[in-house]
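This is the structure in structure tokens:
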């Protein structure tokens, strides 16, 4: 006798504005979000290791540029699928990411030095490239606020303090290396822990998204 498999009954969640279910598209968006984070974290960690241990190798310095843009792309993937209730904030983080990427591409194109050296020798370039890290800090803040994770609580203030301190010239070389290493370690811990987190947590309360979407549709009609 052939047994037919019964379709799985979707779990119904109770949200702030009503009931909702999680579908395959929701799950895939979370998987893509986390994959982007892992790519970004791995690229950042590899680049940090090369900077700390192979900083005088010209080939390594050249390799940092494609690694950076791989990091940037991974971050962009995450920003395209992250679940943030406030659409204007979501779009603002994406805009910061785009500005930072364009600035990095321009500096990489016009300067004969590797991008890492351009930024190190000319800290003011972070007023353009640094927008990418503003977007990354936005992800850290969102994760710290939503999930109370220690590593993102540490990263949220660390990134602006390190970059602004570098621009102002207040960090010694030793301090820069220590803070950069700490950043990379916490980033990889953050991305690694996301792999084992339940998918519904990253989706959030879909009833809020539905409510905000209905509000925008109503306002558009008025």
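In UniProt numbering, the protein residues as written are 1 to 222. Every residue gets a Cβ at the ideal spot worked out from N, C-alpha and C, and that includes glycine.
Using three-state DSSP, classify residue 204 as helix, strand or coil. coil
What residue range is occupied by the uninterrupted alpha helix (DSSP H) comprising residue 183? 173–195
To the nearest angstrom, how far is it from the Cα of residue 57 to the Cα of residue 132? 26 angstroms
Answer yes if the stretch 85–103 comes into contact with the stretch 132–148, meaning at least three C-beta pairs across the two stretches below 8 angstroms, and no otherwise. yes
Going by beta carbon distance, what residues of the same chain come within less than 7 angstroms of residue 280, once the five residues before and after it are set aside? Outside the displayed range of the chain (1 to 222) lies residue 280, so it cannot be described from this structure.
Nearest residue (CA-CA) to residue 190, options 149, 182, 157 and 160: 149
Give the DSSP bridge partners of residue 65, in chain order. DSSP lists no beta-bridge partner residue for residue 65.
Residue 201 versus residue 146: straight-line alpha-carbon distance, rounded: 9 angstroms
If you draw a straight line from the alpha carbon of residue 163 to that of residue 23, how long is it in whole angstroms? When rounded, the distance between both Cα atoms is 40 angstroms.
C-alpha gap between residue 233 and residue 60, whole angstroms: With the chain covering only 1 through 222, there is no way to say anything about residue 233.
For my contact list, residue 137 and residue 159 are in at a C-beta cut-off of 8 angstroms; report their separation, rounded to the angstrom. 5 angstroms
Pull up the CB-CB distance for residue 114 and residue 152, whole angstroms please, since I reckon it's below 8 angstroms. Their Cβ separation, rounded to whole angstroms, is 30 angstroms, which puts residue 114 and residue 152 out of contact at 8 angstroms.
Bridge partners - residue 118, DSSP secondary structure assignment: Residue 118 is not bridged to any residue.
Straight-line gap, residue 86 to residue 78 (C-alpha atoms, nearest Å): If I take the Cα positions, the gap works out to 16 angstroms.
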